[in-house]
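Read the structure below first, then the notes.
2 protein chains.
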Amino acid sequence: MEALLKTIKTYIALSAEEELLVQSLFTERHLDAGAYFLEEGKVCRHVAYIQKGLVRYFINQDGNERTMYFNSEKEFVSYYPSFLSGLPSDKYIQALEPTELFVITRERLQHFYQNIGEGEKFGRMGIEQVFLSAMRQLDSFYTDTPEQRYRQFLLSYPGLAQRIPQYYIASYVGIKPQSLSRIRKRIVEKR
Amino acid sequence: MEALLKTIKTYIALSAEEELLVQSLFTERHLDAGAYFLEEGKVCRHVAYIQKGLVRYFINQDGNERTMYFNSEKEFVSYYPSFLSGLPSDKYIQALEPTELFVITRERLQHFYQNIGEGEKFGRMGIEQVFLSAMRQLDSFYTDTPEQRYRQFLLSYPGLAQRIPQYYIASYVGIKPQSLSRIRKRIVEKR
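From first to last, the protein sequence lines are chains A and B.
Just so you know, we're using the numbering used here here: the first sequence kicks off at 1 and counts up by one.
Just so you know, we're using the numbering used here here: the second sequence kicks off at 1 and counts up by one.
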């Protein structure tokens, strides 16, 4: 819980009382490696702070999994289009490692916004960060070659290339694992 | 200015005093058709409310313009990655019709957040909406065929198909104008 409070306090001030309130609003949750935080067809009812571990977002297109996004330690994970609208998700979110979370429901997040002095400010700045990250991805799909997308992955997710299976990274870049091997070889040779 | 106040009040309550403050923070601005709200290499210094008119977002890739997004009446326009970071934009935003705007600077928006009772709440909910819209687009690039993307365009931008030149719509869908003509013909025949 210390890490969550510290992350919140990079955005806003929290009084001692407010720290206790935050602690009462979040619930601890563990996911085994391979377990799902969210499945297709279900409504995303939580935002979670990742204390430890790693998740991937993917979509199942006619039996083919397409990896779209990753989140790891000190980040928040949620599928906001479902969380904000209450509509069923078309995405999965799956733990790739044993993952420790602190989760908050939609109702409790509203309580956070309303009862923490700078709660709305935290919400505004948090969603700004998530939005910028999504925009960087959107741009990358418009304009980047696979090699640029892989380099962008290394920049966006420092340290994760060693923790994520290569076929998930290839799927994220939008190429076959063999093509990713060639790109990685090329990058190493350029160094 | 009435329309801007009305849009803000769909999200939050404004006292009479706060309405005056809002009016003092926004400045009226006119763009001729073809004029730029933002150019590549410049920092996006404003968020604007569109009172009347229409803009497109595009990127110049080696001399080829690629249209990415549109905004029209009662919507806010800004290139947030540049506006929020202060870094130069890699996008253009151009008026497609004579366009009436109310613009606010970054500094004045901070003043809005800090001095309107529910200012931060408005910021949080506004950016949530912009984020959801960007996510729908990102999803569409992952999964949709050109025909699905065109249908999504018609849903996302009701009434704009008649106001936007076909070659910009084709560019947005990611196909040649001739291919768009064929898709439109198919859709009409299906009705």
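A virtual CB, placed ideally from N, CA and C, is assigned to each residue, including glycine.
Please read these numbers as outputs of a predicted model, since none were measured by experiment.
Can you tell me which of the three DSSP states R124/B falls into? In the three-state reduction of the DSSP assignment, R124/B falls in the helix class, which pools H, G and I.
Three-state class that DSSP yields for Q178/A in the structure shown: For Q178/A, the secondary structure class from DSSP, reduced to helix, strand or coil, is helix.
Along the segment 144-165 of chain A, where does the CB come closer than 9 Å to a CB of chain B? Name the residues. Within the segment 144-165 of chain A, no residue has its Cβ closer than 9 Å to any Cβ of chain B.
Take every Cβ of the segment 31-42 of chain B, pair it with every Cβ of the segment 83-99 of chain B, and state whether three or more of those distances are shorter than 8 Å. With a cut-off of 8 Å, the segment 83-99 of chain B and the segment 31-42 of chain B count as touching, because enough Cβ pairs lie within range.
DSSP three-state call for F26/A: helix, strand or coil? Coil at F26/A, not helix or strand.
If you run the structure through DSSP and keep just helix, strand and coil, what is M68/B? Secondary structure of M68/B (DSSP, three-state): strand.
What residues in the segment 46-62 of chain A have a beta carbon less than 8 Å from any beta carbon of chain B? Taking a C-beta cut-off of 8 Å against chain B, the contacting residues of the segment 46-62 of chain A are I59, Q61, listed in chain order.
Residues that E120/A contacts on chain B, provided the C-beta gap is smaller than 7 Å: Correct list: E120, K121, R124.
Limits of the beta strand (DSSP E) - the one that I169/B falls within: From DSSP, I169/B is part of no beta strand (DSSP E) but of the alpha helix (DSSP H) over 166-173.
Through-space distance from P146/A to G174/A, alpha-carbon basis: Each residue's Cα considered, the two are about 7 Å apart.
Check whether the Cβ of F141/A lies closer than 8 Å to any Cβ atom in chain B. Residue-level contact check: F141/A touches chain B, since one or more beta carbons of chain B fall below 8 Å from its beta carbon.
Does the ligand SAM have a heavy atom nearer than 7 Å to the CB of Y49/B? For the structure depicted, the ligand SAM is absent and the ligand set is empty, with no information on it obtainable.
When burial is assigned at 16 or more other CB atoms within 10 Å of the CB, is E120/B buried or exposed? Around the beta carbon of E120/B, 16 or more other beta carbons lie within 10 angstroms, which makes this residue buried.
Who pairs with F102/B in a beta bridge, going by DSSP? F102/B is bridged to E28/B, Y49/B.
Bridge partners for Y142/B per DSSP, in chain order? None; Y142/B has no bridge partner.
Quick one: does A95/A have its CB under 8 Å from some CB of chain B? Not one chain B Cβ lies under 8 Å of A95/A.
CB of I50/B within 8 Å of CB of N64/B, strictly: No, the Cβ-Cβ distance between I50/B and N64/B is not below 8 Å.
When you compare only the Cα positions, how much space is there between K6/B and Y11/A? Y11/A has its alpha-carbon roughly 30 Å from the corresponding atom of K6/B.
DSSP bridge partner residues for I59/B (one or two, in chain order): For I59/B, the pairing in a beta bridge is given by DSSP as R66/B.
Using 8 Å as the Cβ pair cut-off and three pairs as the minimum, do the segment 148-158 of chain A and the segment 102-109 of chain A touch? A contact is defined here as three or more CB-CB pairs under 8 Å, and the segment 148-158 of chain A fails this definition with respect to the segment 102-109 of chain A.
Are L138/A and L138/B closer than 8 Å when you measure CB to CB? Note that the C-beta distance between L138/A and L138/B is below 8 Å.
Selection from H111/A, T27/A, G126/A that minimises the alpha carbon distance to I8/A: Checked all of H111/A, T27/A, G126/A; the closest Cα to I8/A is G126/A.
Which residues, taken in chain order from the segment 72-89 of chain A, show a beta carbon closer than 7 Å to some beta carbon of chain B? Flagged, chain order: Y80, P81, L84.
Cβ closer than 8 Å: which chain A residues qualify as neighbours of F131/B? Within chain A, the C-beta atoms nearer than 8 Å to that of F131/B come from Y80, I127, V130, F131, A134, in chain order.
Is it buried or exposed for F141/A, if we count other Cβ within 10 angstroms and need 16 for buried? Counting of Cβ neighbours within 10 angstroms places F141/A among the exposed residues, the total staying below 16.
Give the single residue among L101/A, G123/A, E18/A whose Cα lies nearest to the Cα of L54/A. Residue L101/A is the option with its Cα nearest to L54/A.
Contact criterion: CB-CB distance below 8 Å. Does Q178/A meet it with respect to chain B? Under the Cβ distance rule, Q178/A does not count among the residues neighbouring chain B, no pair being separated by less than 8 Å.
Residues of chain A with CB closer than 9 Å to the CB of M68/B, please, in chain order. Residues of chain A passing the Cβ test: L138, D139, Y142.
Under 7 Å Cβ to Cβ from Q23/A, same chain only, skipping five residues before and after it: list those, please. Only residues of its own chain outside the window of five on either side were considered, and among them M1 have a CB closer than 7 Å to the CB of Q23/A, listed in chain order.
Can you look up I93/B in the DSSP assignment and give me helix, strand or coil? Three-state DSSP puts I93/B in a strand.
Who are Y36/B's beta bridge partners in DSSP? In the DSSP assignment, Y36/B is bridged to Q94/B.
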